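Be aware that the sequence shown starts at 1, since it is given in UniProt numbering, and climbs by one per residue. Glycine is no exception: its CB is placed at the ideal position from the N, C-alpha and C atoms. In this text the structure is predicted, and so the values were computed from the model without any measurement.
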Amino acid sequence: MDGSDERERYRRGLPDHHDPTSGIGGAPRARSALSLRLILADVGLVAGILLAVWAWRIGAPWPLVVLPALLAVTALVDLVVVIRRKRRGEPG
């Protein structure tokens with residue numbers, strides 16, 4: 001399937017999607033918050049890396065080094081997922 005075909009499919013809307021608030025009081029259709037997730041994942045990645053490096057440099061116990069590193073890894077995975085969905089043409 002061509003990438004432009006998928007973009008057009010997302011533009012038209014996914015099958016079996018029902019937005020009960022669509023059109024009430026002129027409300028637009030619901031959209032995904034992918035851009036917000038992208039920003040939050042960026043912040044989580046940077047914060048996780050900086051906190052892990054800082055904790056390692058001051059000689060903190062290993063759990064205090066590993067926890068922010070896990071935050072950074074989780075944020076990186078979320079970044080990959082969000083970017084992939086945005087490239088497919090999903091709104092948001």
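Touch test, the region 51-58 against the region 76-89, Cβ-Cβ under 8 Å, three pairs minimum: Touching, no, given that fewer than three Cβ pairs across the two stretches are closer than 8 Å.
Taking only the alpha-carbon atoms, compute the straight-line gap between Leu64 and Ile49 and give it to the nearest angstrom. The C-alpha of Leu64 lies about 12 Å from the C-alpha of Ile49.
May I have the straight-line CA-CA distance separating Gly92 from Leu38, to the nearest angstrom? When only Cα atoms are considered, Gly92 and Leu38 end up about 10 Å apart.
Between which two residues does the alpha helix (DSSP H) holding Gly48 run? Counting along the chain, the alpha helix (DSSP H) containing Gly48 begins and ends at 34-57.
Own chain residues within Cβ distance below 6 Å of residue 100, not counting five before or after: Outside the displayed range of the chain (1 to 92) lies residue 100, so it cannot be described from this structure.
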